[in-house]
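J.: If you read the protein sequences in the order shown, they are chains A and B.
First residue of the first sequence? That's 27 in the numbering used here, and the numbers climb one at a time after it.
First residue of the second sequence? That's 27 in the numbering used here, and the numbers climb one at a time after it.
No residue lacks a Cβ here, since even glycine has one placed at the ideal position from N, Cα and C.
Just so it is clear, the structure is predicted and the values come from calculations on it, not from any experiment.
There are 2 protein chains.
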Amino acid sequence: MSHEKYMQQAIIEAKKAAEIGEVPIGAVIVKDDEIIARAHNLRETSQQPTAHAELLAIESACEALGTFRLEECTLYVTLEPCVMCSGVIIMSRIPTVVYGASDKKGGTVDSLMHLLNEKRFNHQAEVVAGVLADECGQMLTDFFKELRANKKRKRLK
Amino acid sequence: MSHEKYMQQAIIEAKKAAEIGEVPIGAVIVKDDEIIARAHNLRETSQQPTAHAELLAIESACEALGTFRLEECTLYVTLEPCVMCSGVIIMSRIPTVVYGASDKKGGTVDSLMHLLNEKRFNHQAEVVAGVLADECGQMLTDFFKELRANKKRKRLK
């Protein structure tokens, strides 16, 4: 199934984040069955609050296409978008968003709010939730488990 | 009054946007009674959906301070923030946001939603609304009036 094929690519991006100590979240943007942008979370590395995978992928896609309107693109992201990333999805007019794991604490697509389905905004997006959700969520669980173990090891030294 | 002093600086930024044909919205970020970042809307010029005044000012402030946490900063912006910019305010932990004109169609601080006062997010910000609101709003009114007049002139040629 094509959603899973592209989510696998978003997972590859997420793993690049984990390798450099960033929370493993990855995203790709697809147009005409081709990946035109890919990015992973770089918040700690860049010390930029905007360096979420989705936002960076959207900026990269806009750069590639020369427009801020991504009207024929699909965004794949391993974790349910936050309020900022839901906002940039709306601003860039992406019609379809596919995500993996839910974010019960900060997700604003389905968990806390339904920002991509808010009729008062000038854009709404179709949402496909839960694609490879277990694999996407497991990466996060493993990452935080290792982080805690490392902190514990440091305290014991 | 100090809020008005800094809003005047945000207005100066907004006017820079108008001069290059961008919707006149400007922002400054203040820390310890000093402006550490200033920016204006550059969406059309950059063709980036993220190039709103607030988001660019926040990125610039994070670059200046070397951290994504703007915990001792105040954001001044001429127009009520949209959903994306409300999101980046939350992500950067800005404690105080001062804005000028309301945005009845897209503002998510007071008009459509109260995102900066949403208890389910891990950050809330204090909001001061309506500082130099008339001047901030008039810039937008004048800009769109001129835009319509220019379009009409072009059609008549």
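I'd like to know whether the C-beta atoms of residue 102 of chain A and residue 32 of chain A end up nearer to each other than 8 Å.
T.: Start at 1 with the first residue of the first sequence, and residue 102 of chain A comes out as number 76. Start at 1 with the first residue of the first sequence, and residue 32 of chain A comes out as number 6. Closer than 8 Å, so yes.
J.: Would you give the residue range spanned by the alpha helix (DSSP H) that residue 167 of chain A belongs to?
T.: Taking the first sequence and counting its residues from 1, one reaches residue 167 of chain A at position 141. First-last of the alpha helix (DSSP H) with residue 167 of chain A: 159-182.
J.: Using the beta-carbon of each residue, which ones in chain A are nearer than 7 Å to residue 114 of chain B?
T.: Mapped onto the second sequence, residue 114 of chain B falls at position 88. Ordered by position in chain A, the residues that pass the 7 Å Cβ test against residue 114 of chain B are 75, 76 and 110.
J.: If I'm right that residue 40 of chain B touches residue 100 of chain B with Cβ under 8 Å, what's the distance once you round it to whole angstroms?
T.: For the purposes of this step, residue 40 of chain B is taken as residue 14 along the second sequence, with counting starting at 1. For the purposes of this step, residue 100 of chain B is taken as residue 74 along the second sequence, with counting starting at 1. Residue 40 of chain B to residue 100 of chain B, Cβ: 17 Å. No contact.
J.: So, for residue 30 of chain A: in the same chain, excluding its five sequence neighbours on each side, which residues have a beta-carbon less than 8 Å away from its beta-carbon?
T.: The residue given as residue 30 of chain A occupies position 4 in the first sequence. Excluding residues within five positions, the ones whose Cβ falls inside 8 Å are 157 and 158.
J.: Can you list, in chain order, the residues of its chain whose CB lies under 6 Å from that of residue 130 of chain B, leaving out five sequence neighbours each side?
T.: On the second sequence, position 104 is the one that residue 130 of chain B refers to. Taken in chain order, the residues that qualify are 137.
J.: So is residue 81 of chain A in contact with chain B if we call contact Cβ pairs under 8 Å?
T.: Position 55 of the first sequence, counted from the start, is the residue given in the question as residue 81 of chain A. By this cut-off, residue 81 of chain A is an interface position.
J.: To the nearest angstrom, report how far apart residue 79 of chain B and residue 96 of chain B are at their CA atoms.
T.: By 1-based counting over the second sequence, the position of residue 79 of chain B is 53. By 1-based counting over the second sequence, the position of residue 96 of chain B is 70. Their Cα atoms are separated by approximately 16 Å.
J.: Closest to residue 45 of chain A by CA distance: which of A:183, A:178, A:172 and A:180 is it?
T.: Numbered from its first residue, the first sequence carries residue 45 of chain A at position 19. Comparing Cα-Cα distances from residue 45 of chain A to each of A:183, A:178, A:172 and A:180, the minimum goes to A:172.
J.: Hey, could you find the ends of the beta strand (DSSP E) residue 113 of chain B is sitting in?
T.: Along the second sequence, read from residue 1 onward, the residue named residue 113 of chain B stands at position 87. Not the beta strand (DSSP E): residue 113 of chain B falls in the alpha helix (DSSP H), residues 109-117.
J.: Residues of chain A with a CB under 7 Å from the CB of residue 138 of chain B: which are they?
T.: To locate residue 138 of chain B, count along the second sequence from 1; it is residue 112. The answer, in chain order, is 146.
J.: Could you spell out where the alpha helix (DSSP H) holding residue 80 of chain A opens and where it closes?
T.: Locating residue 80 of chain A in the first sequence gives position 54, counting from the first residue. Run containing residue 80 of chain A: 79-91, per the alpha helix (DSSP H) assignment.
J.: Could you pull out every residue in the same chain whose Cβ sits closer than 6 Å to the Cβ of residue 55 of chain A, ignoring the five residues on either side in sequence?
T.: As a first step, residue 55 of chain A must be located in the first sequence, where it is residue number 29. So the list reads 62, 63, 83, 87, 99 and 101, once near-sequence residues are dropped.
J.: Residue 64 of chain A by DSSP, collapsed to three states: which one?
T.: Position 38 of the first sequence, counted from the first residue, corresponds to residue 64 of chain A. In this structure, residue 64 of chain A counts as strand in the three-state DSSP scheme.
J.: How far does the alpha helix (DSSP H) with residue 36 of chain A in it reach, from first residue to last?
T.: The residue given as residue 36 of chain A occupies position 10 in the first sequence. From DSSP, the alpha helix (DSSP H) with residue 36 of chain A extends over 28-45.
J.: Given that residue 141 of chain A touches chain B, what residues does it touch there, using C-beta distances under 7 Å?
T.: Working through the first sequence from its first residue, we reach residue 141 of chain A at position 115. What residue 141 of chain A touches in chain B: 109.
J.: With a Cβ-Cβ cutoff of 8 Å, do residue 112 of chain A and residue 81 of chain A count as a contact?
T.: As a position in the first sequence, residue 112 of chain A is number 86, starting the count at 1. As a position in the first sequence, residue 81 of chain A is number 55, starting the count at 1. No; because the gap between Cβ atoms is not below 8 Å, this pair is not in contact.
J.: Could you name the residues of chain D that residue 118 of chain B contacts, counting a contact when the two beta carbons are closer than 7 Å?
T.: Here the protein chains are A and B, and chain D is not one of them.
J.: Can you tell me where the alpha helix (DSSP H) with residue 70 of chain B in it begins and where it stops?
T.: Residue mapping note: residue 70 of chain B aligns to position 44 of the second sequence, counting from 1. Its alpha helix (DSSP H) spans residues 69-72.
J.: Are the C-beta of residue 100 of chain A and some C-beta of chain B separated by less than 8 Å?
T.: As a working mapping, residue 100 of chain A is identified with position 74 in the first sequence. Residue 100 of chain A does not count as touching chain B.
J.: Below 8 Å on the Cβ atoms is my contact criterion, and I expect residue 182 of chain B with residue 49 of chain B to pass it. Report the Cβ-Cβ distance as a whole number of Å.
T.: If you number the second sequence from 1, residue 182 of chain B lands on position 156. If you number the second sequence from 1, residue 49 of chain B lands on position 23. Not really, about 24 Å apart at Cβ, beyond 8 Å.
J.: Restricting to Cα atoms, I'd like to know which of B:93, B:120, B:36 and B:92 is closest to residue 66 of chain B.
T.: Position 40 of the second sequence, counted from the first residue, corresponds to residue 66 of chain B. Ranking the options by Cα distance to residue 66 of chain B, first place goes to B:36.
J.: Specify, as a first and last residue, the run of the beta strand (DSSP E) that residue 76 of chain B falls within.
T.: On the second sequence, position 50 is the one that residue 76 of chain B refers to. Segment: none, residue 76 of chain B is in no beta strand (DSSP E) and carries neither H nor E.
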